Amino acid sequence: MKVYETKDIRNVALIGGAKSGKTTLAESMLFEGKMINRRGTVEDKNTVSDYRPIEIDREISVHSTLMHTIYKNTKINMIDAPGFSDYVGETIAALSVADTALFLVNGQSGVEATSETAWRQAEAVKCPVLFSVNQLDHHGANFDETVSALKDYFGEKVTIVQYPVNPGEGFDTVIDLVLMKQLKFKEGSEPEISDIPDSEKSKAEDLHLALVEQAAEGDEALMEKYFENDSLTMDEMREGIRLGMVTRSIFPVMCSSAKHGIGTSRILDFIVHSCPSPDMMPPKKATNGKEFKCSASDPTALFVFKTSIEQHLGEVSFFKVYGGTVTEAQDLINSRTKNKERISQLFILNGKNRDKVDKVVAGDIAVTIKLKDVVTGDTLADPKISGTEFEMFPLPDPLYIVAIKAVNSADDEKLGAVLNEMHKTDPTLIIEFSRELKQLLVKSQGEFHINTVKWYLENIHKIETEIFSPKIPYRETITKSARADYRHKKQSGGAGQFGEVHLMIQPWSEGYKDPTDIPVRKTDVHELPWGGKLVFNNCIVGGAIDARFMPAILKGIMERMNEGPLTGSYARDIVVYIYDGKMHPVDSNEISFKLAGRNAFSIAFKNAGPKIMEPIYDLTVWMPEDMMGSVMTDLQGRRAIIMGMDSEGKNQVIRAKVPLAEIQRYATSLSSITSGRGRFALKFDAYQQVPADVQDKLLKEYEESLKEEE
Ligand SMILES: Nc1nc2c(ncn2[C@@H]2O[C@H](COP(=O)(O)OP(=O)(O)OP(=O)(O)O)[C@@H](O)[C@H]2O)c(=O)[nH]1
Ligand SMILES: [Mg+2]
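Written out as structure tokens, the structure reads:
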């Protein structure tokens, strides 16, 4: 394979609405570029992009796929991202290295919820966007309505470059406003170019003018030329569009029917002539301030944006080169580990098919294998600039958390290992063993995402699993003071055990007051790892308990704080006063005082108006206005307290405080209430007392669980 120079490379991420036709368009682009000689279809399960078993099984894209096609001596790298919002991590990764987002909209359904998700990601990384209204061969396709929805959602910079002459069945002809010609397409060959028919002339002229104005807007020199000559030449327009794309002052709109290969060759042509090459993009900044402009003469620096595990290859690292060139047998330094990594083999991919290459230049995207310790987000750089590090792209917060366990406990270890491997290839899946809940948690983007995990576990790794809601990390505390005495005494033949503790407890809060009748001698404040405090006061006078037994008493109390007397959850915010007790000259030892302390504490706790606290989260929900009523009604059924309402762009926003116990599966509910249009964010706020009926229920459940253990 020929080595392409930076200026002859384009990096395109295919993003947009779910099932809008991204994978089909990628197939058509491969076909037009003669990379394949037969176009596969998603239905026939033979596309280059959706090659993985799960994608074949489900007929959707689940992972992003790297491909490339050649058009007019330009190497166009394509990363086909999945459209379903649960896989948004793949879209983010693809956009992080793309210089153009080719954004597909279904001409029949317009701007969908998943289109909005994709758009937000492109906005976040400021990626230039080129729209194509696809599926224009559908009888229900409506180009004008789709464009006005695009403008409505994404702004007036959405600018028509082409419009269809005969949308619907048999669609094959467009008016192109850059070329100012009519193009009639036939798959696999150049379009038939003719003059714009009289019937279309005035519409075409109007839209051409709008395009010229938008193209000139990004550049002062072009604006001047436009004012001077009342028009721009085709080269000037191309230049203007390219500059406008980089600064995001124009979002051109094209037309396609990916399924029939209509429009594809002109999209490729547009990418070559009017979309930026990597060196035209703003420089990539490293954390040390150094800037990389995708120049082949710089020292080598590459960024790993994706990791996958492929049959026969093992771990594959996908990277984009931001400086210099990468060659086989080159040694680079991983900025995270500071270790040397040797590049063994380099490949460019078309789905699962790979071609070996000797060299990859700045701006290009390729893969390598068998690196020692490299994860997504790592930077590998020439030893001369080894401190260079590119920032990892920001990942979305998890929205849907489940607990998982193997049906067969013999699979437990394997399950952990496989899940950790999954995290490596999909960093939006977070795996955590919660010591507190004693559960293995999988944090994901939604139910669909978890179903994907389950599919892999069952079909590929042959592990049957059970998925359930995680336990809630409740806390226990007290509301008033109480005293208790406990004597631990055991006389069984030889050495006996004896320890007696008298204590008082009261709730801790900022500025609490010590009791007047107990003189405090020594205070230790313990910040608890799970939040809150335990204040431990030694108030012994006259040697009733030796100071050497105090740590044992504290240990006993801490055991109970660890496993609260009400539900076994962590206890917090308590002040303890050890004010009296008894020792035995022979039988007193640490064990006895630990047990006496623990039991005295338990008794006092139960008499001190104990309460259960639950985590409350700040919930923000975004949804279209007409769905606000149903979202609100649903929230009221979740013990939510509405804090405020607002509007943000096209959406309404509700802010509320909601107990975690009520929103564990909110992703699924909100999606069904709003037909996917709603989205939400969660942030931990504070612990709050549970209502009495919930407390009763929890106490009963805990008692039952203790009985079961017995
Ligand atoms: N009629 C028609 N159908 C199309 C066109 N493009 C794609 N399709 C069909 O639409 C469905 C979805 O196509 P895909 O290419 O898988 O869409 P996608 O955007 O890659 O889907 P995801 O990656 O799963 O979001 C398939 O059944 C395609 O055959 C088109 O231009 N016209
Ligand atoms: Mg797809």
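Just so we're aligned, residue 0 is where the sequence shown starts under numbering that gives the first Met the number 0, counting upward by one.
Positions of the beta carbon are idealized from the N, C-alpha and C atoms, including for glycine.
Please read all numbers here as calculations on a predicted model, not as lab measurements.
(request) Could you pull the start and end residues of the beta strand (DSSP E) that E420 belongs to? (result) Counting from 1 along the sequence shown, the entry for residue 420 is found at position 421. That residue, E420, is in no beta strand (DSSP E); its alpha helix (DSSP H) goes D411 to T424.
(request) With hydrogens ignored, establish whether the beta-carbon of H138 is closer than 7 Å to any heavy atom of ligand 1. (result) Locating residue 138 in the sequence shown gives position 139, counting from the first residue. Because no heavy atom of ligand 1 lies under 7 Å away, the Cβ of H138 does not count as near it: no.
(message) Could you tell me the alpha carbon to alpha carbon distance between V417 and A691, rounded to whole angstroms?
(response) Locating residue 417 in the sequence shown gives position 418, counting from the first residue. Locating residue 691 in the sequence shown gives position 692, counting from the first residue. Each residue's CA atom was taken as its position, placing V417 and A691 some 42 Å apart.
(request) Please work out which residues of its chain come closer than 6 Å, Cβ to Cβ, to E465, disregarding the five sequence neighbours upstream and downstream, and give them in chain order. (result) Stepping through the sequence shown from its first residue, residue 465 is reached at position 466. Answer for E465: K404 and V406, listed in chain order.
(request) For the stretch 567 to 575 and the stretch 472 to 484, state whether three or more C-beta atom pairs, one from each stretch, are separated by less than 8 Å. (result) Result yes; three or more Cβ-Cβ pairs closer than 8 Å.
(message) Buried or exposed, going by whether 16 or more other CB atoms sit within 10 Å of the CB of A328?
(response) Numbered from its first residue, the sequence shown carries residue 328 at position 329. Looking at its Cβ environment, which holds fewer than 16 other Cβ atoms inside 10 Å, A328 is exposed.
(message) Is any non-hydrogen atom of ligand 1 found closer than 7 Å to the C-beta of A92, if you look at the structure I gave you?
(response) Numbered from its first residue, the sequence shown carries residue 92 at position 93. Incorrect: A92 has no Cβ contact closer than 7 Å to ligand 1.
(request) Could you please give the first and the last residue of the uninterrupted beta strand (DSSP E) stretch that includes F721? (result) In this structure the chain extends from 0 to 709, so residue 721 is not present and cannot be described.
(request) Quick one: grab the DSSP three-state call for T478. (result) Counted from its first residue, the sequence shown places residue 478 at position 479. Of the three classes helix, strand and coil, the one that applies to T478 here is coil, per DSSP.
(request) Within the same chain, show all residues whose beta-carbon is closer than 7 Å to that of E340, passing over the 5 residues directly before and after it, in chain order. (result) The count along the sequence shown starts at 1 and reaches residue 340 at position 341. Only residues of its own chain outside the window of five on either side were considered, and among them L331, N333, L370, K371, V373 and L379 have a CB closer than 7 Å to the CB of E340, listed in chain order.
(request) Just tell me which of G288, G386, S294 and F83 has its CA closest to the CA of T336. (result) Locating residue 336 in the sequence shown gives position 337, where the first residue counts as 1. Ranking the options by Cα distance to T336, first place goes to G386.
(message) Is any non-hydrogen atom of ligand 1 found closer than 7 Å to the C-beta of A112, if you look at the structure I gave you?
(response) As a first step, residue 112 is located in the sequence shown; it is residue number 113 there, counting from the start. No - ligand 1 has no heavy atom lying nearer than 7 Å to the Cβ of A112.
(request) Please list, in chain order, all residues of the same chain as I53 whose beta carbon is under 8 Å from its beta carbon, the five residues on each side excluded. (result) As a first step, residue 53 is located in the sequence shown; it is residue number 54 there, counting from the start. The residues are V61, T451, W454, Y455 and N458.
(request) Decide if L733 is buried, meaning its Cβ has at least 16 other Cβ atoms within 10 Å, or exposed. (result) Examination of residue 733 is not possible in this model, given that the chain is present from 0 through 709 alone.
(request) Can you tell me which of the three DSSP states L24 falls into? (result) The count along the sequence shown starts at 1 and reaches residue 24 at position 25. Reduced to three states, the DSSP call for L24 is helix.
(request) Report the residue ranges of all beta strand (DSSP E) runs contained in full by the stretch 78 to 116; include only those spanning at least 3 residues, in chain order. (result) Listed in chain order, they are 99 to 105.
(request) Counting only the same chain and skipping the five closest in sequence on each side, list residues whose C-beta sits under 8 Å from that of E115. (result) For this step, residue 115 is matched to residue 116 along the sequence shown. So the list reads Y152 and R676, once near-sequence residues are dropped.
(request) Would you mind sorting L705 into buried or exposed? The rule is 16 or more other CB atoms within 10 Å of its CB. (result) If you number the sequence shown from 1, residue 705 lands on position 706. Residue environment analysis places L705 among the exposed positions, since fewer than 16 neighbouring C-beta atoms fall within 10 angstroms of its C-beta.
(message) Could you check whether the Cβ of A750 sits closer than 7 Å to any heavy atom belonging to ligand 1?
(response) Outside the shown range of the chain (0 to 709) lies residue 750, about which nothing can therefore be said.
(request) With D205 as the anchor, note down where its alpha helix (DSSP H) starts and where it stops. (result) Here residue 205 refers to the residue found at position 206 of the sequence shown. First-last of the alpha helix (DSSP H) with D205: D197 to E216.
(request) Could you check the C-alpha separation between L301 and F184 for me, to the nearest Å? (result) What you label residue 301 is simply residue 302 of the sequence shown in a count that begins at 1. What you label residue 184 is simply residue 185 of the sequence shown in a count that begins at 1. Cα atoms of L301 and F184: separation of roughly 39 Å, rounded to the nearest angstrom.
(request) Closer than 7 Å is what we want: which residues have a beta carbon that near any heavy atom of ligand 2? List them in chain order. (result) Those residues, listed in chain order, are K21, T22, S48, D49, I59, S60, D79, P81 and G82.
(request) Indicate, with yes or no, if ligand 1 has a heavy atom lying under 7 Å from the CB of Q161. (result) In the sequence shown, residue 161 corresponds to position 162, counting from 1. No; taking the cut-off as 7 Å, the Cβ of Q161 has no heavy atom of ligand 1 nearer than that.
(request) Mind checking who V715 pairs with in its DSSP beta bridge? (result) It is not possible to answer for residue 715, since the shown part of the chain is limited to 0 through 709.
(message) DSSP three-state label for Q120, please.
(response) Indexing the sequence shown from 1 puts residue 120 at position 121. Of the three classes helix, strand and coil, the one that applies to Q120 here is helix, per DSSP.
(request) Could you tell me if the beta carbon of T232 falls within a distance shorter than 7 Å of some heavy atom in ligand 1? (result) Within the sequence shown, the letter at position 233 stands for residue 232. Relative to the non-hydrogen atoms of ligand 1, the Cβ of T232 never comes closer than 7 Å to any of them.
(request) Under the assumption that A25 contacts D79 (Cβ atoms under 8 Å), give the Cβ distance between them as a whole number of angstroms. (result) In the sequence shown, counting from the first residue as 1, residue 25 sits at position 26. In the sequence shown, counting from the first residue as 1, residue 79 sits at position 80. Rounded, the Cβ-Cβ distance is 5 Å, consistent with contact.
(message) Less than 8 Å between the C-beta atoms of L618 and L681, yes or no?
(response) Locating residue 618 in the sequence shown gives position 619, counting from the first residue. Locating residue 681 in the sequence shown gives position 682, counting from the first residue. Yes.
(request) To the nearest angstrom, report how far apart H501 and I539 are at their CA atoms. (result) In the sequence shown, the residue the question calls residue 501 occupies position 502. In the sequence shown, the residue the question calls residue 539 occupies position 540. Computed Cα separation, rounded: 10 Å.
(message) Could you tell me which whole alpha helix (DSSP H) segments of length 4 or greater appear in the stretch 541 to 568?
(response) Entirely contained in the stretch 541 to 568, the alpha helix (DSSP H) runs reaching 4 residues are, in chain order, 549 to 561.
(message) Can you tell me whether S508 is buried or exposed? The criterion is at least 16 other CB atoms within 10 Å of its CB, across all chains shown.
(response) On the sequence shown, position 509 is the one that residue 508 refers to. With fewer than 16 other Cβ atoms within 10 Å, it is exposed.
(message) I'd like the list of long-range same chain contacts for L231, defined as Cβ closer than 7 Å, with 5 residues on each side in sequence excluded.
(response) Position 232 of the sequence shown holds residue 231. Within the same chain, L231 has close Cβ partners V211, A214, A215, L221, K224, Y225 and G239.
(request) Check A494 in the structure and name its three-state DSSP category. (result) Indexing the sequence shown from 1 puts residue 494 at position 495. In this structure, DSSP gives A494 a state outside helix and strand, which the three-state scheme calls coil.
(message) Looking at ligand 1, does it come within less than 7 Å of T172, judged from the CB to the closest heavy atom?
(response) Residue 172 sits at position 173 when you count from the first residue of the sequence shown. Not so, every heavy atom of ligand 1 lies at least 7 Å from the Cβ.
(request) Taking 8 Å as the cut-off, decide whether the C-beta atoms of N10 and P277 are in contact. (result) Within the sequence shown, residue 10 is the residue found at index 11, counting from 1. Within the sequence shown, residue 277 is the residue found at index 278, counting from 1. Contact: yes.
(message) Let me confirm a value: L182 is counted as buried when at least 16 other C-beta atoms fall within 10 Å, else exposed. Which label applies?
(response) Position 183 of the sequence shown holds residue 182. Buried, since its Cβ has 16 or more Cβ neighbours within 10 Å.
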